[in-house]
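Enquirer: Got a structure for you, written out below as structure tokens; questions coming shortly.
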Amino acid sequence: VARFGIEWLEASLNIAGLPDRVSVPGTAGYEDKGGGNVMIAGGYVGLVQHLASGLEIRLAEPVVSIEHGDDGCTVTTTGAAHRADVAVVTVPLGVLQRRSIEFQPPIVAHQAAADRLAMANLEKAIFRFDERFWPESARRITFVSADRRFPSWIDISDHTGVPTLMAFYNPFATPGMPALALDERAAIALDVLRTMMPDAPEPIAVEMTDWTNDPLSNGSYSFVPVGGSP
Numbered sequence: 040v041a042r043f044g045i046e047w048l049e050a051s052l053n054i055a056g057l058p059d060r061v062s063v064p065g066t067a068g069y070e071d072k073g074g075g076n077v078m079i080a081g082g083y084v085g086l087v088q089h090l091a092s093g094l095e096i097r098l099a100e101p102v103v104s105i106e107h108g109d110d111g112c113t114v115t116t117t118g119a120a121h122r123a124d125v126a127v128v129t130v131p132l133g134v135l136q137r138r139s140i141e142f143q144p145p146i147v148a149h150q151a152a153a154d155r156l157a158m159a160n161l162e163k164a165i166f167r168f169d170e171r172f173w174p175e176s177a178r179r180i181t182f183v184s185a186d187r188r189f190p191s192w193i194d195i196s197d198h199t200g201v202p203t204l205m206a207f208y209n210p211f212a213t214p215g216m217p218a219l220a221l222d223e224r225a226a227i228a229l230d231v232l233r234t235m236m237p238d239a240p241e242p243i244a245v246e247m248t249d250w251t252n253d254p255l256s257n258g259s260y261s262f263v264p265v266g267g268s269p
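No gaps in the numbering here: position 148 of the sequence shown is 187 in our numbering, and each next residue is one more.
Dropping the structure here:
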């Protein structure tokens, strides 16, 4: 059970890489920082709306190239070309690694650093129910299995205001999972839940993330792989 926790909860979920790819010194770097995991009241949309206040936001215009030099830059999207003094590029690591944006001249040092990191694969399955059927004391539930199916469950009812369970999973940690459609993954998650709690009813709502297959992210977040350094 302890080994399962280290490999398939810490490595494949908290770090979100397969255990043989995760750097132990890189993981230790996370522990050196203060703070904890929190959920923003009302969801992250409130933070996004606050930051966007007063700005001109262009939607549905993926960037395809950025020309930059001492005299400014030109950002070309699928819809237009935008001229500016400076471009601040904050795309996810997976976009940089796939070379989805062409930089002229190439950003050699930045690209090399991006290539030394790894993009993680953490996804969530969220189920809302009519009534709570799990113990009040069960805030975090671990399912230990040979194929690592949906190993971590968290009760987030206090945050949503209705009976809600959220399962964390790394699709690449479970054999065959990446090839499955999201509704098939949800069915497996419910099967795991009913293995632990046979009386679990049908959920009234289901939400599944799919960051790994999103071309504007190509994964969830970064981690330091074996051979890299904090």
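Just so it is clear, CB atoms sit at the ideal spot from N, CA and C, and this is done for glycine as well.
Here the structure is a predicted model, which is why all the values come from computation and not from measurement.
Comparing alpha-carbon positions, which option in Ser62, Ile193, Val130 lies nearest threonine 203?
Expert: For the residues Ser62, Ile193, Val130, the minimum Cα distance to threonine 203 belongs to Ile193.
Enquirer: Assuming arginine 122 is part of the beta strand (DSSP E), what are its boundary residues?
Expert: Start and end: 120-123.
Enquirer: Counting only runs that start and end within the stretch 72-125, where is the alpha helix (DSSP H) found for 4 or more residues in a row?
Expert: Runs of the alpha helix (DSSP H) inside the stretch 72-125: 84-91.
Enquirer: Of all the options Ser184, Tyr208, Phe211, Arg167, which has the alpha carbon lying nearest to the alpha carbon of isoleucine 243?
Expert: With distances taken between Cα atoms, isoleucine 243 lies closest to Arg167.
Enquirer: Where does leucine 132 sit, in a helix, a strand or coil, going by DSSP?
Expert: Helix.
Enquirer: Assign methionine 28 to one of three DSSP states: helix, strand, or coil.
Expert: For residue 28 there is no data in the structure shown, the boundaries of the chain being 40 and 269.
Enquirer: What is the DSSP secondary structure of glutamate 246, counted as helix, strand or coil?
Expert: Glutamate 246 falls in the strand class under three-state DSSP.
Enquirer: Output yes or no for whether 8 Å exceeds the beta carbon distance between leucine 132 and serine 261.
Expert: Yes.
Enquirer: Consult DSSP for phenylalanine 166 and reduce its assignment to one of helix, strand or coil.
Expert: Strand.
Enquirer: For phenylalanine 182, which residues from the same chain have a beta carbon less than 8 Å from its beta carbon, with the 5 sequence-adjacent residues on both sides left out?
Expert: Only Arg188, Phe189, Pro190, Ser191, Trp192, Val231, Thr234, Met235 meet the Cβ criterion.
Enquirer: What are the boundary residues of the alpha helix (DSSP H) that serine 191 is part of?
Expert: Where serine 191 is concerned, there is no enclosing alpha helix (DSSP H), although the beta strand (DSSP E) it sits in stretches over 191-194.
Enquirer: Please classify valine 147: does DSSP put it in a helix, a strand, or coil?
Expert: Three-state DSSP puts valine 147 in a helix.
Enquirer: What residue from Pro174, Thr248, Leu135, Gly44 has the CA that sits closest to alanine 148's CA?
Expert: Here the closest residue by C-alpha is Leu135.
Enquirer: Quick one: give me the first and last residue of the beta strand (DSSP E) that arginine 233 is part of.
Expert: Not the beta strand (DSSP E): arginine 233 falls in the alpha helix (DSSP H), residues 221-235.
Enquirer: Tell me the rounded alpha-carbon separation between glutamate 223 and tryptophan 250.
Expert: Roughly 16 Å between the two C-alpha positions.
Enquirer: Tell me whether the beta-carbon of glycine 68 lies closer than 8 Å to the beta-carbon of alanine 159.
Expert: No, Cβ-Cβ distance for glycine 68 and alanine 159 is not below 8 Å.
Enquirer: Just how far apart, CA to CA, sit glutamate 170 and methionine 247?
Expert: So the two alpha carbons sit approximately 20 Å from each other.
Enquirer: By the three-class DSSP mapping on this structure, what secondary structure does proline 264 have?
Expert: Three-state DSSP puts proline 264 in a strand.
Enquirer: Would you tell me roughly how many angstroms separate the C-alpha atoms of tyrosine 208 and aspartate 109, rounded to the nearest one?
Expert: Straight-line Cα distance between these residues: approximately 45 Å.
Enquirer: Whole angstroms is fine: what's the gap from glycine 93's alpha carbon to glutamate 141's?
Expert: Looking at the two C-alpha atoms, the distance is approximately 29 Å.
Enquirer: Alpha carbons only, please: which of Gly82, Met216, Thr117, Gly266 is nearest the one belonging to threonine 199?
Expert: The shortest C-alpha separation from threonine 199 is found at Gly82.
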